[in-house]
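Per my numbering, the sequence shown starts with residue 2, numbered consecutively.
Please read the structure below before turning to the comments.
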Amino acid sequence: MFYINYKNMFLKGNKIGVNVSELVTYLLCPRKLYYTCRGHEPYSDISIAYIEHLLLKELGMNLPELLQNCSSKDDATIPYLEATLSQASEELPLIYSSELEGVDPTIISEAVAQISSYISAMRNNLRSFSLDKNNTSLLSQLKEADLPSVYHSEKLSLSGIPHLVLNQDGVKMPIIIKTGKYPEIGVWSNDRLHLAALSMLMGETHSNHVSSGIVFYAIHAEIRLISIRSNDRRQVLKILGRIKKVKEGSLPDKKTGPLCHNCAYSTSCNVKTSLASKFF
Ligand code: SF4
C-alpha cells in the first residue's frame, strides 16, 4: 500500500490544489510527479552536478546585485561573481541543511571549480546586456527585482512562488532561474510554461494581466525576456487538469528518456513497469 503524502493532496471531495513546482515536475516527467505525490522515497545521491545546480541557483538569486556591479563604470563583475560564489558555497550546507547533511566537502569544491570556469562567460553576457541601450529600462527594473511572497489563487487552485519578482510599471512579473543549458534564442518550451503558470497566478492574485516574464539561465548569466501568449495559458490550464488526475491516483505512462538515467524514482518506476508487463 502506498503512503499518500497528504500535504500534496486535499481531502477527498475537496478541490485538488496544485503547486507550480508540481507543474515543473510534471513537464519533466508526469510519472515522476506521481511518485513525488505519493511519498516514494527517492534514493539520495548528492552529485557534483546537483551541487552545481544549487550553487548556480544561489548565484541567480543575486541577479539584481550582479547587474548593479557589472553596469558600474569600474566593472566589478568578476570579483563580485567570485565573492558571491565563495559565499554561496559556504552558505549552501546551511541553506540545504538536511539535504546536504554529511556531504563530502570535496564535492562542493569540485562544483565551485566547475562554476568558476563559467565566470568569464557570465561576465561577458551580463556586461553586454547592461551596455545594450535597448535594455535601459529593463536593466533598471531588474536591479530593483525583489524576493517574492507565496502566491495563491482559489480560482486556479494553484499556488507557487517565482524566484524573483520584477515591478514593471506597477505590474509584477515573474523571474525564474534555470541552471541547465539554454537555447540559442528564446527559452525552452517547459520554461515558457513555467513562466506562463506563474504569470497567470500573479495576474489572478493582483487582478491584473501579466504579459511577460524572464528566464535567467544562470550557467552563463543569460537573461531572456519573453511574452506570454494565450496559447501558453491554454496549455497551462490543460496541464493543470492532467496534474489533478495524477494526484487523484492515475499512473501516467513511463516517459523513457535521458532523464531516466539519473532519476531518483527509477527503482519504483522499473518495478511498476515490470509488474504491469507481467500482468498484461
Ligand atoms: S525513471 Fe524515467 S519514466 Fe520513470 S519516473 Fe523517472 S524519469 Fe520518469
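Ideal Cβ placement from N, Cα and C applies to all residues, glycine included.
| Query | Result |
| --- | --- |
| Contact test: L260 Cβ vs the ligand SF4 heavy atom, cutoff 7 Å | yes |
| Helix, strand or coil at Y218 [DSSP, three-state] | strand |
| P31: first and last residue of the uninterrupted alpha helix (DSSP H) it sits in | P31 to C38 |
| The stretch 112–125 contacting the stretch 210–228, beta-carbon criterion three pairs below 8 Å | yes |
| Residue from S87, E66 and Y27 whose Cα sits closest to the Cα of Q236 | Y27 |
| heavy atom of the ligand SF4 below 7 Å from T257 C-beta | yes |
| Reduced DSSP secondary structure (H/G/I, E/B, other) of Y152 | strand |
| Start-end ranges of the alpha helix (DSSP H) lying completely within the stretch 61–111, minimum 4 residues | 64–71 and 78–96 |
| Residue nearest to I47 in terms of C-alpha spacing, selected from S208, S131 and I109 | I109 |
| Proximal residues to L148 (C-beta, below 7 Å), its chain only, five neighbours per side dropped | L165 |
| Contacts around S131, its chain only, beta-carbon distance under 8 Å, and the 5 residues preceding and following it disregarded | L68, C71, S72 and L140 |
| Proximity below 8 Å, CB of I215 to CB of L167 | yes |
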